[in-house]
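Residue numbers for the sequence shown follow the working numbering, beginning at 3 and rising by one.
Using N, Cα and C, we set each Cβ at its ideal position, and we do this for glycine too.
Owing to the predicted nature of the structure, the values given are computational and were not obtained by experimental measurement.
Some notes on the structure that comes next.
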Amino acid sequence: MEHPFEINILGTRFAIRTDQSPQHMERVLSTYTRKVDDIMKKTGVQDPLKIAILAGLVLADDLLHEQTDRTSPHGDELERLTSRLLLQINEALE
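Right under this line is the structure:
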């Protein structure tokens, strides 16, 4: 079932219809708003279109890093997996 959801950001207000719950959409908008605010503070950019594009790029970059972190073990995790594999190989050879 679709729900109406109103968005008010960067001086623009509009409504959408979505299958997502209002609570979920509030979390999405809150996350995006925090990123927009952070970009505005760090860069001083005032153009809403540029801010929106930068926020989208930063969030996409965050998502890609998160996906990479989940699919490829790093640091301690890699060491743990390697140690476990070596132990299993040693046990199999004994």
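Pull up the distance between the alpha-carbon of residue i and that of residue j, whole angstroms please.
i: Gln-69; j: Pro-6; result: 30 Å
i: Val-30; j: Gln-90; result: 44 Å
i: Arg-161; j: Met-3; result: Examination of residue 161 is not possible in this model, given that the chain is present from 3 through 96 alone.
i: Arg-15; j: Met-27; result: 15 Å
i: Lys-43; j: Asp-63; result: 19 Å
i: His-67; j: Gly-13; result: 30 Å
i: Leu-59; j: Ile-9; result: 20 Å
i: Ser-23; j: Thr-45; result: 33 Å
Tell me, to the nearest whole angstrom, how far the beta carbon of residue i is from that of residue j; I am working on the premise that it is less than 8 Å.
i: Ile-55; j: Val-38; result: Not quite, the Cβ-Cβ distance comes to about 11 Å (not below 8 Å), so this is no contact.
Of the residues the options, which one's Cα is nearest the Cα of residue i?
i: Pro-50; options: Arg-29, Thr-33, Ile-11; result: Ile-11
i: Ile-41; options: Ala-62, Pro-24, Ala-57; result: Ala-57
i: Leu-65; options: Ile-9, Arg-82, Thr-33, Lys-44; result: Thr-33
Residue i by DSSP, collapsed to three states: which one?
i: Glu-8; result: strand
Just to confirm my understanding: we take residue i, look at its own chain, exclude 5 residues before and 5 after, and list those with CB closer than 7 Å. What are they?
i: Thr-20; result: Glu-4, His-5, Phe-7, Met-27
Can you give me the Cβ contacts of residue i inside the same chain, cut-off strictly under 8 Å, excluding the 5 residues immediately before and after it?
i: Val-47; result: Ile-41, Ile-53, Leu-56
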